[in-house]
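For reference, the structure discussed in these notes is given below.
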Amino acid sequence: MAGQVVVMRAKYRISVKDPGVPGVLKLDDDKFVFIPHDPTSSAKLQVGFRTVKGHKFTKEGTNKQALLNITQDPEIKGGGFIFEFEKFSDRDVCRDFVGKALAKYIDVNKAAAEGSVAKLNTEQLSTTEIDRRINLLREDSELQKLHQQFVIGGILTEAEFWATRKKLLDGDNNRMVRQHVGFKSAMISDIRPQADGWTNKVTFNLTPEIIHQIFAEKPAVHQAFLNYVPSKMSEKDFWTKYCRAEYLHSTKNSVAAAAEAAEDEELAVFLKQDDILAREARQKIRKVDPTLDMEADQGDDYTHMPDHGIPRDGNKEISDSQYDQYKRNLLQDLNRHAAVVLQGRGIDDVDLADPRSVAEALASSKKIELATEAQYTNSNQAELVRISKITEIKDLQAPRELPLAPLSIKDPRDYFYSQQANVLKHLGETTRGMKPVKCHLRTQEAYSCMMKSISYIKDVGINDPTIKPELALKVLNGLTHNISSTKYHLRNNPQESFLNSLPTLMKEELLNHWTSIQELLKHFWSSYPITTSSLHTKVIRLKDAMTRIYPRLQEIKESAQSDLRHQVSLLVQPMLQALDAAFAHYDADLQKRSAKTAAGPNGCT
Amino acid sequence: MASAPSKLCTDDVSLLVVLLDTNPYFWSTSNDSSVSLSNFLSHVLSFLNSILFLNQLNQVVVIATGYNSCGYIYDSSLSSSSSITKSSGNGRVPAFCSELLENLEEFLTKDEKMSIEESIDGIGSSLLSGSLSMALCYIQRIFRSGPLHPQPRILCLHGSPDGPEQYVAVMNTIFSAQRSMVPIDSCVIGAQHSAFLQQASYITGGVYLKPQQLDGLFQYLITVFATDLHSRNFLQLPKPAGVDFRASCFCHKNTIDMGYICSVCLSIFCKHHKKCSTCGSFFGQAQSQAASMSDQKRKGLET
Ligand SMILES: [Zn+2]
Ligand SMILES: [Zn+2]
Numbered sequence: 001m002a003g004q005v006v007v008m009r010a011k012y013r014i015s016v017k018d019p020g021v022p023g024v025l026k027l028d029d030d031k032f033v034f035i036p037h038d039p040t041s042s043a044k045l046q047v048g049f050r051t052v053k054g055h056k057f058t059k060e061g062t063n064k065q066a067l068l069n070i071t072q073d074p075e076i077k078g079g080g081f082i083f084e085f086e087k088f089s090d091r092d093v094c095r096d097f098v099g100k101a102l103a104k105y106i107d108v109n110k111a112a113a114e115g116s117v118a119k120l121n122t123e124q125l126s127t128t129e130i131d132r133r134i135n136l137l138r139e140d141s142e143l144q145k146l147h148q149q150f151v152i153g154g155i156l157t158e159a160e161f162w163a164t165r166k167k168l169l170d171g172d173n174n175r176m177v178r179q180h181v182g183f184k185s186a187m188i189s190d191i192r193p194q195a196d197g198w199t200n201k202v203t204f205n206l207t208p209e210i211i212h213q214i215f216a217e218k219p220a221v222h223q224a225f226l227n228y229v230p231s232k233m234s235e236k237d238f239w240t241k242y243c244r245a246e247y248l249h250s251t252k253n254s255v256a257a258a259a260e261a262a263e264d265e266e267l268a269v270f271l272k273q274d275d276i277l278a279r280e281a282r283q284k285i286r287k288v289d290p291t292l293d294m295e296a297d298q299g300d301d302y303t304h305m306p307d308h309g310i311p312r313d314g315n316k317e318i319s320d321s322q323y324d325q326y327k328r329n330l331l332q333d334l335n336r337h338a339a340v341v342l343q344g345r346g347i348d349d350v351d352l353a354d355p356r357s358v359a360e361a362l363a364s365s366k367k368i369e370l371a372t373e374a375q376y377t378n379s380n381q382a383e384l385v386r387i388s389k390i391t392e393i394k395d396l397q398a399p400r401e402l403p404l405a406p407l408s409i410k411d412p413r414d415y416f417y418s419q420q421a422n423v424l425k426h427l428g429e430t431t432r433g434m435k436p437v438k439c440h441l442r443t444q445e446a447y448s449c450m451m452k453s454i455s456y457i458k459d460v461g462i463n464d465p466t467i468k469p470e471l472a473l474k475v476l477n478g479l480t481h482n483i484s485s486t487k488y489h490l491r492n493n494p495q496e497s498f499l500n501s502l503p504t505l506m507k508e509e510l511l512n513h514w515t516s517i518q519e520l521l522k523h524f525w526s527s528y529p530i531t532t533s534s535l536h537t538k539v540i541r542l543k544d545a546m547t548r549i550y551p552r553l554q555e556i557k558e559s560a561q562s563d564l565r566h567q568v569s570l571l572v573q574p575m576l577q578a579l580d581a582a583f584a585h586y587d588a589d590l591q592k593r594s595a596k597t598a599a600g601p602n603g604c605t
Numbered sequence: 001m002a003s004a005p006s007k008l009c010t011d012d013v014s015l016l017v018v019l020l021d022t023n024p025y026f027w028s029t030s031n032d033s034s035v036s037l038s039n040f041l042s043h044v045l046s047f048l049n050s051i052l053f054l055n056q057l058n059q060v061v062v063i064a065t066g067y068n069s070c071g072y073i074y075d076s077s078l079s080s081s082s083s084i085t086k087s088s089g090n091g092r093v094p095a096f097c098s099e100l101l102e103n104l105e106e107f108l109t110k111d112e113k114m115s116i117e118e119s120i121d122g123i124g125s126s127l128l129s130g131s132l133s134m135a136l137c138y139i140q141r142i143f144r145s146g147p148l149h150p151q152p153r154i155l156c157l158h159g160s161p162d163g164p165e166q167y168v169a170v171m172n173t174i175f176s177a178q179r180s181m182v183p184i185d186s187c188v189i190g191a192q193h194s195a196f197l198q199q200a201s202y203i204t205g206g207v208y209l210k211p212q213q214l215d216g217l218f219q220y221l222i223t224v225f226a227t228d229l230h231s232r233n234f235l236q237l238p239k240p241a242g243v244d245f246r247a248s249c250f251c252h253k254n255t256i257d258m259g260y261i262c263s264v265c266l267s268i269f270c271k272h273h274k275k276c277s278t279c280g281s282f283f284g285q286a287q288s289q290a291a292s293m294s295d296q297k298r299k300g301l302e303t
């Protein structure tokens, strides 16, 4: 994209509510420039992408404005440069451009960081791989933050960072499975000849795409091409003839068509009904269940009743059976077109620009089709195979080879016991309660005992009074006492996160530290046992980074207001514990290793 | 319900789905120790009656949590409104109660027919996962009935011990309730606490209660579980005293803060193993794979 420039009409808004100054937005590799239409306006801008932190944009919707917000400092709410575009498509062009420019900027930084920090990673990446990573970073701002913090911060190398995210990269890979583009649903016969109105020249536009479609929809033309080109005529002559036939059809003059066909054998191929199609149709009819009442359905048989009387292009021809074979009917074309679109292209990886290779590829794919059909003598089965082939839409299929082992939970009881003990211990459950009740019960007795109780209450009715006043008071007092004793220990609503009651800054800092610590710990623990010197330096880097976070956590704990302090320390404690555990492991491992090196030269350093 | 649709959108209209434990083995042993079934039913029916009286638009659905099956045994939206006030034939119980009791008898007859064992040791467990699923299905139907629906909540009146074999199913229903923001209240009437219901209430923001005096059950029910969800915001209700949901390792049953989880079968281990002892998966051939195969589990910010 080097040297690319995007120029777009846009309005620059100081704030979201601002009506905006109309002007022109110019984007290039390293900066964006806004020039207002009114030269006296002060709303001129020139900002380098180097200082830009990110960009936001509005979702496309009916009554939404197409906005793009290029932010320099994400801390400032509503800050940044807001541009309004006339159309979402305009906005998207600029958005993508900014995204690329920013990614490149990060990439440049990254490359510099990599170069200076670790020469360990000499992995050569393909451009697609790099693109994929850039895309992932761009899509996920949290990931980008982590990447910036650790990779550009020099704590992790690029390779280390992505090694734990293989799945992300692979996931993208899976999505890359190419969807086969089918035929357009527009009919080729809709491609009208264009007359310029001045001369008698009529122009047809044949693209490789259209040629492919003609071959697929008109087997006779396809066959004729294989037969005539280039032995009998040049490709150009062939298509000229084809267009001539099309032109004759478009004039609706079947008498003239018949006259020309009589003189020109090759032209006749294009003008007459497609023999191959007719043969196929007859074959299909033969496969129809003989008990089906064909007579009753004859009205639906397009070969007998051209167009059901629907005139093509609005005018009805006078019917004359002599010229029937030079007439086309709409339903026949429609059916054929629909069938071809549903069948799909059938051929892939063929250079569409070369009609000859397209024609040959089509012919061979047809041969294979016929062969498979012959193989399944049972026509019913062949049909099933064909249907299953058609209905499979590749990009909607679940991935065949999962990149990971599927979850397979064995005995749910194990999971239950792994948790139940703690929960019950906490509830002050005595061992007495834990033991299953020792008794042996007969099923029939148990049920009849229940039935007896039910008929008892039906006979006697609900207790009156439902509960004795003294007892009710006792229960109420017990509950009140219980509630007031736990009230101060816990927040009001267990669903409402305590985090939300913290000042925004503190909350974000805590969450930030949490994600950072998780990332660091993930790398830290996965580096053990240390077998190579690169792992050794990695662990030291990680430990240093964690050591830097540690005092920050302490500070947060101490800076919290007294009423929040307890809760904050509850949040911070597990982070500190996790770090402590890592430090302890680091020290123990270091000691072990130094003892080893002291004992003999074989220890690894 | 259609008579006053505008009233339906008020926030104090409740749909209370009650799950009644009808495990016969539990009830046949509870007679002497805690509360008899007839006493229990007397308290519960009075409570349901109160709910229906609290707001004429309130709706009550009762599901039996049986030993072999589960079933709907009462739906106030299906019976005529007069059945709450009118007495049934013999005049002993309100008509809605006798309807419920008859359905319960019918349910038990069917449930008994499904029994395989002649007798069992211990009191077994009832199908909590099944009745929770039915309750959630019913609630989903209410959710889809339109924007104006009563506020649903589930109340489990449960006495049987937890069925460990239902762990996955129960946890799934709990998470599904959490997702649809349906609180699961639990009132445990058995001898022991229920880890399932403790978690269910904790995760879904419901109330967990194990009454000390079961003969005063009605008072507990009416004090703790009768108020609609909106009014709960203004009330002090019993809180869990900081439940410890930490897991213990599969290998030693020790409670752990940090450990290793098999990514294939979710088994928890306190130490790194080469191979999962539960499912046999091998961990970590390559260094990078080790990181993704056995991830560190930490307990923290999600509270
Ligand atoms: Zn262990
Ligand atoms: Zn496993």
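Same order as they appear, the protein sequences are chains A and B.
Under the UniProt record's numbering, the letters of the first sequence match residues 1 to 605, in that order.
Under the UniProt record's numbering, the letters of the second sequence match residues 1 to 303, in that order.
By construction, the Cβ of each residue, glycine as well, lies at the ideal position given by its N, Cα and C atoms.
Bear in mind that the values here come from a model prediction, so they are computed numbers and not experimental data.
Grouping DSSP H, G and I as helix and E and B as strand, with all else coil, what is residue i?
i	result
Pro22 of chain A	strand
His222 of chain A	helix
Cys249 of chain B	coil
Asp185 of chain B	strand
Ser569 of chain A	helix
Tyr12 of chain A	strand
Gly54 of chain A	strand
Ala66 of chain A	strand
Gln198 of chain B	helix
Gly130 of chain B	helix
Arg153 of chain B	strand
Arg442 of chain A	strand
Could you check which residue in the options has the C-alpha nearest to that of residue i?
i	options	result
Tyr447 of chain A	B:Asp11, B:Pro147, B:Ser28, B:Leu214	B:Ser28
His55 of chain A	A:Leu146, A:Cys439, A:Lys507, A:Ala101	A:Ala101
Leu168 of chain A	A:Leu45, A:Glu160, A:Ser141, A:Arg132	A:Arg132
Ile540 of chain A	A:Asp589, A:Lys284, A:Gln577	A:Asp589
Leu542 of chain A	A:Trp525, A:Ile14, A:Asp274, A:Glu129	A:Trp525
Leu235 of chain B	B:Arg246, B:Thr223, B:Leu136	B:Thr223
Ile134 of chain A	A:Lys145, A:Lys104, A:Gly153	A:Lys104
Val62 of chain B	B:Cys97, B:Ile268, B:Phe250, B:Leu148	B:Cys97
Ile454 of chain A	B:Asn49, B:Val17, B:Ser36, B:Asp12	B:Ser36
Expressed to the nearest angstrom, what Euclidean distance is found between the alpha-carbon atoms of residue i and residue j?
i	j	result
Asp264 of chain A	Ala220 of chain A	16 Å
Leu137 of chain A	Ser418 of chain A	38 Å
Leu27 of chain A	Ala10 of chain A	12 Å
Thr51 of chain A	Gln72 of chain A	6 Å
Leu564 of chain A	Val7 of chain A	52 Å
Gln192 of chain B	Cys439 of chain A	16 Å
Gln343 of chain A	Val181 of chain A	12 Å
Gln591 of chain A	His536 of chain A	14 Å
Tyr74 of chain B	Asn23 of chain B	18 Å
Lys241 of chain A	Ser231 of chain A	16 Å
Just by C-beta distance, which residues in the region 537-567 of chain A are closer than 9 Å to chain B?
none
To test your reading of the DSSP string, which unbroken beta strand (DSSP E) runs of 3 or more residues are found completely within the region 39-88 of chain B?
59-65, 70-75
Closer than 7 Å, Cβ to Cβ, to anything on chain B: give me those residues from the region 402-418 of chain A, in chain order.
Ala405, Leu407, Ser408, Ile409, Lys410, Pro412, Arg413, Asp414, Tyr415, Phe416, Tyr417, Ser418
Near-chain B residues of the region 440-456 of chain A - C-beta to any C-beta below 9 Å
His440, Leu441, Arg442, Thr443, Gln444, Glu445, Ala446, Tyr447, Ser448, Cys449, Met450, Met451, Lys452, Ser453, Ile454, Ser455, Tyr456
Output needed in chain order: residues of the region 239-271 of chain B with a Cβ under 8 Å from some Cβ in chain A.
Lys239, Pro240, Ala241, Gly242, Val243, Asp244, Phe245, Arg246, Ala247, Ser248, Cys249, Phe250, Lys253, Thr255, Asp257, Met258, Ser263, Val264, Cys265, Leu266, Ser267, Ile268
Against chain A, which members of the region 20-40 of chain B pass a CB distance test of less than 8 Å?
Thr22, Pro24, Tyr25, Trp27, Ser28, Thr29, Asn31, Ser36, Leu37, Ser38, Asn39
Which residue spans inside the region 444-494 of chain A form an unbroken alpha helix (DSSP H) run of at least 4?
469-487
Name the residues in the region 115-143 of chain B whose C-beta lies less than 8 Å from a C-beta of chain A; which are they?
Ser115, Glu117, Glu118, Ser119, Ile120, Asp121, Gly122, Ile123
Residues from the region 98-110 of chain B in contact with chain A, defined by Cβ distance under 9 Å:
Ser98, Leu101, Glu102, Leu104, Glu105, Leu108, Thr109
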